[in-house]
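Trainee:
2 protein chains.
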Amino acid sequence: MPTKYKGTSREVLALDTFIKLARCFASVQAQVLPHLQRDFGLTESQFAVLEAVLHLGPLSPGHLCQKILRSGSNVTTVVDNLERDGLVTRERHETDRRIQMVSLTEHGRTVITGALPAHVARIAEALTVLSNDEQLVLGRICRKLGIALAPA
Amino acid sequence: MPTKYKGTSREVLALDTFIKLARCFASVQAQVLPHLQRDFGLTESQFAVLEAVLHLGPLSPGHLCQKILRSGSNVTTVVDNLERDGLVTRERHETDRRIQMVSLTEHGRTVITGALPAHVARIAEALTVLSNDEQLVLGRICRKLGIALAPA
DNA sequence: AGCATATATTTCGATATCGAAACATTGGAC
DNA sequence: GTCCAATGTTTCGATATCGAAATATATGCT
Numbered sequence: 000m001p002t003k004y005k006g007t008s009r010e011v012l013a014l015d016t017f018i019k020l021a022r023c024f025a026s027v028q029a030q031v032l033p034h035l036q037r038d039f040g041l042t043e044s045q046f047a048v049l050e051a052v053l054h055l056g057p058l059s060p061g062h063l064c065q066k067i068l069r070s071g072s073n074v075t076t077v078v079d080n081l082e083r084d085g086l087v088t089r090e091r092h093e094t095d096r097r098i099q100m101v102s103l104t105e106h107g108r109t110v111i112t113g114a115l116p117a118h119v120a121r122i123a124e125a126l127t128v129l130s131n132d133e134q135l136v137l138g139r140i141c142r143k144l145g146i147a148l149a150p151a
Numbered sequence: 000m001p002t003k004y005k006g007t008s009r010e011v012l013a014l015d016t017f018i019k020l021a022r023c024f025a026s027v028q029a030q031v032l033p034h035l036q037r038d039f040g041l042t043e044s045q046f047a048v049l050e051a052v053l054h055l056g057p058l059s060p061g062h063l064c065q066k067i068l069r070s071g072s073n074v075t076t077v078v079d080n081l082e083r084d085g086l087v088t089r090e091r092h093e094t095d096r097r098i099q100m101v102s103l104t105e106h107g108r109t110v111i112t113g114a115l116p117a118h119v120a121r122i123a124e125a126l127t128v129l130s131n132d133e134q135l136v137l138g139r140i141c142r143k144l145g146i147a148l149a150p151a
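Chain order of the listed sequences is R and D.
Numbering-wise, numbering that gives the first Met the number 0 puts 77 at position 78 of the first sequence, and it's gapless, one number per residue.
Numbering-wise, numbering that gives the first Met the number 0 puts 62 at position 63 of the second sequence, and it's gapless, one number per residue.
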């Protein structure tokens, strides 16, 4: 049992569960992110932004915020770097000029469509340790917890 | 289904599962970390270092590395900040002078023993959406995955 | 002893990340 | 039309995070 904390049994169970959740997530990330970086020069957040724009079309920083679960100021930074590297462009919304729209450049589209299958394959590879049933159960419980805690 | 990716059914299941895992982990963190910061002025990594040293006694940066699952250079930075704030001290190991030993100051001990119960309570609170059985199953599957992917 | 290799830590440069404050634009109240 | 509150984005200062290179010490080989 990883937990050294003395508390109620309810607390010990929750902490123990959460520690396993955190370690398992970290393990998958460690399995997967270095390749994204080395093979495609993309950080996790850069990948997330490109993937969102690929699948949803041009998005504002505000929408990207919600999609990638990061703060607005962080999205600004990540998009800055993607723009500098020529993977996305920013354009003001025509009718509401407070809003910026982030779009893929041709190069950006090429990069993300190249990186995506390899990235998915690595995730699938990492999860092969679990049976289909285990993956389904894991997904169901995570979904329940995630939805219950989702902001608003 | 969150996944827009077209791939084999095995890939779709794995990706779908992983996305739920990631979102659920992020949700719990979002529920818990702001309090750690606001109530005790601790970041997640600072908390992790203090907690490890509290429970395991003085540790080298190398051991802290393994415990908190971060790079060596990151541990250096985190310990730098903790030292600056008077929560830990660094001392050279007596026989092997390559090694530094990180210890809690009195103040550090006070801070971590104050923060720990509140932090655990918040985690337990977040996990109450899951039944005991669900927590056990979640923990078991996460452990299996974490162990399978653990380095070495 | 001298030297090469291994181990432990730090430094460096880059990106990520946050919250608060600043800035820009819109839209409603009057 | 003017002002003000709301909305969207960026700026700013701080910490986290990584990998590669530099530094310091130890250890084994000769």
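All residues carry an ideal CB built from backbone N, CA and C; glycine is no exception.
Here the structure is a predicted model, which is why all the values come from computation and not from measurement.
9 angstroms is my cut-off, CB to CB: does H54/R come that close to chain D?
Mentor: What you label residue 54/R is simply residue 55 of the first sequence in a count that begins at 1. Closer than 9 angstroms: yes.
Trainee: What does the alpha-carbon distance come out to for the pair Q36/R and G107/R?
Mentor: Working through the first sequence from its first residue, we reach residue 36/R at position 37. Working through the first sequence from its first residue, we reach residue 107/R at position 108. For Q36/R and G107/R, the distance between alpha carbons rounds to 15 angstroms.
Trainee: Using a Cβ-Cβ cut-off of less than 8 angstroms, give me the residues of the segment 22 to 38 of chain D that come near chain R, in sequence order.
Mentor: R22, C23, F24, A25, S26, V27, A29 and Q30
Trainee: Label T16/R either buried or exposed according to how many other C-beta atoms from any shown protein chain fall within 10 Å of its C-beta, with 16 as the threshold for buried.
Mentor: Here residue 16/R refers to the residue found at position 17 when the first sequence is read from its first residue. Looking at its Cβ environment, which holds 16 or more other Cβ atoms inside 10 Å, T16/R is buried.
Trainee: In this structure, does DSSP put R69/R in helix, strand or coil?
Mentor: By 1-based counting over the first sequence, the position of residue 69/R is 70. Coil at R69/R, not helix or strand.
Trainee: By Cβ distance below 6 angstroms, which residues in the same chain neighbour H92/D in space, the five residues on each side in sequence not counted?
Mentor: One-based indexing of the second sequence puts residue 92/D at position 93. The answer, listed in chain order, is I98 and M100.
Trainee: Measuring CA to CA, which of A13/D, V78/D and A51/D is closest to V87/D?
Mentor: Taking the first residue of the second sequence as 1, we reach residue 87/D at position 88. Answer by Cα proximity: V78/D.
Trainee: If you draw a straight line from the alpha carbon of L81/D to that of L32/D, how long is it in whole angstroms?
Mentor: In the second sequence, residue 81/D corresponds to position 82, counting from 1. In the second sequence, residue 32/D corresponds to position 33, counting from 1. If you take the alpha carbons of L81/D and L32/D, they lie about 17 angstroms apart.
Trainee: With burial defined as no fewer than 16 other Cβ atoms inside 10 Å of the residue's Cβ, what is the status of L126/R: buried or exposed?
Mentor: As a position in the first sequence, residue 126/R is number 127, starting the count at 1. With 16 or more Cβ atoms within 10 Å of its Cβ, L126/R is classed as buried.
Trainee: Hey, could you find the ends of the alpha helix (DSSP H) S44/D is sitting in?
Mentor: Numbered from its first residue, the second sequence carries residue 44/D at position 45. Boundaries of the alpha helix (DSSP H) around S44/D: E43 to L55.
Trainee: So which of A123/D, L103/D, C141/D and L68/D has the shortest CA-CA distance to L20/R?
Mentor: As a position in the first sequence, residue 20/R is number 21, starting the count at 1. Out of A123/D, L103/D, C141/D and L68/D, C141/D has the C-alpha closest to the C-alpha of L20/R.
Trainee: Kindly indicate if chain R contains any beta-carbon less than 9 angstroms away from that of G17/D.
Mentor: Taking the first residue of the second sequence as 1, we reach residue 17/D at position 18. One point to set straight first is that residue 17/D is Phe, not Gly, in the sequence displayed. Chain R contact via Cβ: present.
Trainee: What is the rounded straight-line gap between the Cα of L53/R and the Cα of R9/D?
Mentor: Position 54 of the first sequence, counted from the first residue, corresponds to residue 53/R. Position 10 of the second sequence, counted from the first residue, corresponds to residue 9/D. Each residue's Cα considered, the two are about 22 angstroms apart.
Trainee: Going straight from the alpha carbon of E62/D to that of R69/R, what length do you get?
Mentor: If you number the second sequence from 1, residue 62/D lands on position 63. If you number the first sequence from 1, residue 69/R lands on position 70. The displayed chain sequence assigns His, not Glu, to residue 62/D. Within the model, the alpha-carbon separation for H62/D versus R69/R is close to 30 angstroms.
Trainee: By the criterion of Cβ-Cβ separation under 8 angstroms, what are the contact partners of Q99/R in chain D?
Mentor: To locate residue 99/R, count along the first sequence from 1; it is residue 100. Ordered by position in chain D, no residue passes the 8 angstroms Cβ test against Q99/R, which lies about 23 angstroms from the chain.
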